[in-house]
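What follows is a single structure, written as structure tokens, with notes after it.
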Amino acid sequence: MVKELDGIPTDVATVKKLDKAHVFHSWSAQGLIDPLPIASAKGSYFTDYEGKSYLDFSSQLVNVNIGYQHPKLIAAIQEYAAKMTTIQPAFANDARSEAARLIAELAPGDLNRIFFTNGGAEATENAMRMAKLHTGRHKVMAAYRSYHGATAGAITMTGDPRRWGAEPAMPGVVHYWGPYLYRSAFHSSSPEQETERALQHLRDLIMVEGAQTIAAIILETIVGTNGILVPPPGYLAGVREICDEFGIVMIADEVMAGFGRCGEWFAIQHWDVTPDLITFAKGVNSGYIPIGGVLINDAIAASFDQRVYPGGLTYSGHPLACASAVASINIFKEEGIIENARRLGTDVIGPELAKIADRHPSVGEVRGLGVFWAVELVRSKQTREPLVPYNAAGKDAAPMNEFAAACKQRGMWPMTHFNRTHVVPPCTATEQEVREGLAILDEALEVADRYAS
Ligand SMILES: Cc1ncc(COP(=O)(O)O)c(C=O)c1O
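Using my numbering, count along the sequence shown one by one with no gaps and you end on 454.
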């Protein structure tokens with residue numbers, strides 16, 4: 002039974018009718034979609050109006066790291082809402098100050114200041130602007146296999162096909178190939194070779210673009226939507242070295258990989274590398290209220306001590322969002338959520354996916370860490386031909402759509418992208434829930450196997 006709320010019609014037919022008539026959805030042909038109305042959510046599950054529950058192996062858009070409706074987080078939001086719901090960014094605010102302190106304390110090195118945004122795109126957009134103003138240079142290098150958000154600069158930095166609709170886009174973004182051993186752009190046969198060649202490729206691009214024109218190199222510490230690509234040993238340290246050599250700002254986009262997803266507060270802590278700027282959003286408060294930000298090191302922050310930073314947002318450092326970030330970080334600490342995510346990766350997801358890869362002809366590779374894993378589906382393990390083509394749609398995407406439908410029918414909501422399914426449950430998921438989801442994945446893969454040899 003769905004509880005009636007003042008002024009919000011909650012019967013499913015009305016919800017669907019109003020959605021169809023008035024809501025314009027992201028990344029969609031409006032006439033071709035039929036959004037599933039969700040009635041409620043709790044822990045690792047959400048439930049539709051017919052009472053069917055789904056174990057969420059997508060964490061929505063890889064953001065509900067703390068799970069749904071965490072009672073302490075809800076209580077903290079309610080409590081702060083009763084105290085203050087908004088105050089503009091020019092004032093100081095207790096929740097904002099404490100959120101900034103907590104996040105800076107968790108970050109590596111001298112990333113001590115935070116510019117708060119409403120989400121990930123505004124974070125990468127502002128990181129780029131800071132890097133340009135700090136260096137006095139105008140170009141940014143970004144990976145082809147990347148997503149950085151959908152505002153003008155962020156979508157230009159994005160390397161995946163979501164950029165195409167925004168082109169011709171902002172001038173001054175140069176794309177590069179990052180490491181991806183399974184489909185190496187450099188024909189490498191070992192992680193060491195991939196690191197060496199990917200770094201040489203960056204150096205070659207810097208040479209021909211002119212180092213003195215390049216403000217920043219942005220990368221997702223672990224590439225998220227575009228494949229959960231864990232960088233090979235030495236790659237991030239190598240990028241750091243190149244940035245130092247040429248005076249380029251290193252931006253780690255941790256909007257998806259940060260705040261527990263990879264079993265650390267920040268994914269970059271796996272490699273002991275300190276970037277100059279880190280962007281974050283999603284997991285910082287699990288999207289209970291929109292918030293994101295840029296962590297800024299002392300040198301870049303000092304660039305704006307005596308000169309104005311030309312950027313701002315009405316809701317920068319929104320008190321309620323900041324209060325929820327404070328509460329979420331404290332809950333993570335109290336409940337050992339980072340440790341849970343790490344252990345799920347090493348003890349459950351990693352070993353179980355390895356067995357699944359052995360069993361299924363359609364599984365070419367599994368990779369990841371923490372609660373951030375990809376299962377790459379192929380037509381043949383030998384040729385590595387993807388189960389569906391790059392950016393497949395319509396009939397071409399049928400094998401992936403059938404696989405996803407098989408998961409949903411069994412009560413697990415997968416996150417599929419191109420020829421991959423990502424295993425990205427909440428960081429709070431229990432071992433039993435994860436095993437339940439992996440068992441469904443195992444069964445549903447029989448659908449993909451029919452297309453594989
Ligand atoms: C790595 C990365 N950066 C930036 C963004 C954009 O974040 P938002 O959708 O909050 O603007 C995303 C969103 O998925 C992301 O995964």
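Quick reminder that beta carbons are idealized off the backbone N, C-alpha and C, glycines included.
- prompt: Ends of the beta strand (DSSP E) at H176?
  reply: V174 to Y177
- prompt: Under the DSSP definition of a beta bridge, which residues are partnered with R368?
  reply: A375
query: Which word fits R385, buried or exposed, when buried means at least 16 other C-beta atoms lie within 10 angstroms of its C-beta?
result: exposed
field: CB contact flag (Y177, Y145, <9 Å)
entry: Yes; because the gap between Cβ atoms is below 9 Å, this pair is in contact.
query: Of all the CB atoms in chain B, is at least one closer than 9 Å to the CB of I279?
result: The question asks about chain B, but that chain is absent: this structure has only one protein chain.
task: From the DSSP output, read off the bridge partner residues of G150.
output: According to DSSP, G150 bridges with nothing at all.
task: Indicate, with yes or no, if ligand 1 has a heavy atom lying under 8 Å from the CB of V63.
output: yes
message: Taking 8 Å as the cut-off, is the C-beta of S257 nearer than that to any heavy atom in ligand 1?
response: At residue 257 the sequence reads Met, which differs from the Ser that was named. M257: yes, Cβ under 8 Å from ligand 1.
query: With P427 and G68 assumed to form a contact (beta carbons below 8 Å), what rounded beta-carbon distance in angstroms separates them?
result: 4 Å
task: Measure the CB-CB distance between I338 and L107 and report whether it falls below 9 Å.
output: no
field: Runs of alpha helix (DSSP H) wholly within the segment 70-150 (minimum 4 residues, chain order)
entry: 72-84, 95-107 and 121-136
Backbone secondary structure at G293 - three-state DSSP: strand
- request: Please name the residue, chosen from V435, G438 and R184, that lies closest to E366 on a Cα-to-Cα basis.
  value: Comparing alpha carbon positions, the residue from V435, G438 and R184 closest to E366 is R184.
message: Rounded to the nearest angstrom, what separates P72 and E168 at their Cα positions?
response: 44 Å
- request: Would you kindly work out how many angstroms separate the C-alpha atoms of V309 and N119, rounded to a whole number?
  value: 21 Å
- prompt: Can you tell me whether DSSP reads V274 as helix, strand or coil?
  reply: coil
message: Can you look up G44 in the DSSP assignment and give me helix, strand or coil?
response: strand
message: With a threshold of 8 Å, are at least 3 pairs of Cβ atoms found where one atom belongs to the segment 81-96 and the other to the segment 296-307?
response: no
message: Quick check on the burial criterion: 16 or more other C-beta atoms within 10 angstroms. Buried or exposed for S454?
response: exposed
message: Considering only heavy atoms of ligand 1, does any lie closer than 8 Å to the CB of E221?
response: yes
- prompt: Within the chosen definition, does the segment 214-232 reach the segment 131-138 through at least 3 CB pairs nearer than 8 Å?
  reply: yes
message: Can you tell me whether A394 is helix, strand or coil according to DSSP?
response: coil
query: Is the segment 150-168 in contact with the segment 185-192, if contact means three or more CB pairs nearer than 8 Å?
result: no
message: Tell me the residue span of the alpha helix (DSSP H) that contains M401.
response: A399 to Q410
task: Closer than 8 Å by C-beta to I357: which residues in its own chain qualify, once you throw out the five before and the five after it? Chain order, please.
output: V364, V367, V376, L439, L442, D443 and L446
- prompt: Going straight from the alpha carbon of L200 to that of P180, what length do you get?
  reply: 9 Å
query: Among the residues of its own chain, which have a CB less than 7 Å from the CB of N64, if the five just before and after it don't count?
result: K283, G284, S287 and G288
query: Can you find at least 3 beta carbon pairs, one from the segment 259-268 and one from the segment 218-229, that sit closer than 8 Å?
result: yes
- prompt: Who are the near neighbours of V435 in its chain, counting only those whose CB is closer than 7 Å to its CB and skipping five residues on each side?
  reply: L345, V349, I350 and P426
task: Determine which residues share a DSSP beta bridge with H26 and list them.
output: According to DSSP, H26 bridges with nothing at all.
task: Could you check what DSSP says for W165 in three-state terms: helix, strand or coil?
output: For W165, the secondary structure class from DSSP, reduced to helix, strand or coil, is helix.
- prompt: What distance in whole Å lies between the Cβ atoms of D277 and V250, which are believed to be in contact at a cut-off of 8 Å?
  reply: 5 Å
- request: Tell me where the beta strand (DSSP E) around I252 begins and ends.
  value: V250 to D254
- request: Mind reading off the beta-carbon distance from T48 to S59? Whole number of angstroms is fine, and I expect it under 8 Å.
  value: The Cβ separation is near 15 Å, so there is no contact.
task: Look at the alpha carbon of A398 and the alpha carbon of L62, and state the distance between them as a whole number of angstroms.
output: 20 Å
- request: Using the Cα positions of A253 and H361, report the straight-line distance between them to the nearest angstrom.
  value: Their Cα atoms are separated by approximately 35 Å.
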